[in-house]
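Asker:
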Amino acid sequence: IYVIFAMMPPTVLQEVYDKLQISTTKSFQLNLGNDRPNMTYETWTISNTTDFSMLDFLYKDMQMSEDITHTFVFVNTI
Numbered sequence: 017i018y019v020i021f022a023m024m025p026p027t028v029l030q031e032v033y034d035k036l037q038i039s040t041t042k043s044f045q046l047n048l049g050n051d052r053p054n055m056t057y058e059t060w061t062i063s064n065t066t067d068f069s070m071l072d073f074l075y076k077d078m079q080m081s082e083d084i085t086h087t088f089v090f091v092n093t094i
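Start counting the sequence shown at 17; every next residue gets the next number (the numbering used here).
(1) Got a sec? Which residues, its chain only, sit under 7 Å from Leu74 by beta carbon, not counting five neighbours each side?
(2) The alpha helix (DSSP H) that contains Tyr33, what's its start and end?
(3) With respect to 6 Å, is the separation between the Cβ of Met24 and the closest non-hydrogen atom of the ligand MG below this value?
(4) Whole angstroms is fine: what's the gap from Phe90's alpha carbon to Val32's?
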């Protein structure tokens with residue numbers, strides 16, 4: 017399994033490892049840090065697990081599919 021991620025707090029990273037069944041002792045991790053000006057970390061609360069309208073802001077001003085920027089959305093249920 018080849019996984020690339022830009023910014024994940026340790027709790028989210030551990031959950032990704034668990035979901036993908038990646039052993040931290042049998043895998044290689046390279047952390048180059050996440051202090052990058054082109055990345056933003058945000059936390060949003062959504063009302064339920066089927067309504068993702070809170071994510072509309074990600075593409076509201078886009079006219080064509082080429083306008084969509086690279087985006088990673090992680091969803092966690094608590």
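Cβ coordinates follow ideal geometry from the N, Cα and C atoms, glycine included. This structure is a prediction, so every number in the text was calculated from the model and none was measured.
Answerer: Taking the coordinates as given:
(1) Taking the sequence shown and counting its residues from 1, one reaches residue 74 at position 58. Scanning its chain for C-beta atoms nearer than 7 Å, with the 5 sequence neighbours on each side dropped, one finds around Leu74 the residues Thr87, in chain order.
(2) Along the sequence shown, one-based indexing puts residue 33 at 17. Run containing Tyr33: Pro26 to Leu36, per the alpha helix (DSSP H) assignment.
(3) Absence of the ligand MG from the depicted structure is noted, as is the absence of any ligand whatsoever, leaving it without description.
(4) For the purposes of this step, residue 90 is taken as the residue at position 74 of the sequence shown. For the purposes of this step, residue 32 is taken as the residue at position 16 of the sequence shown. Looking at the two C-alpha atoms, the distance is approximately 9 Å.
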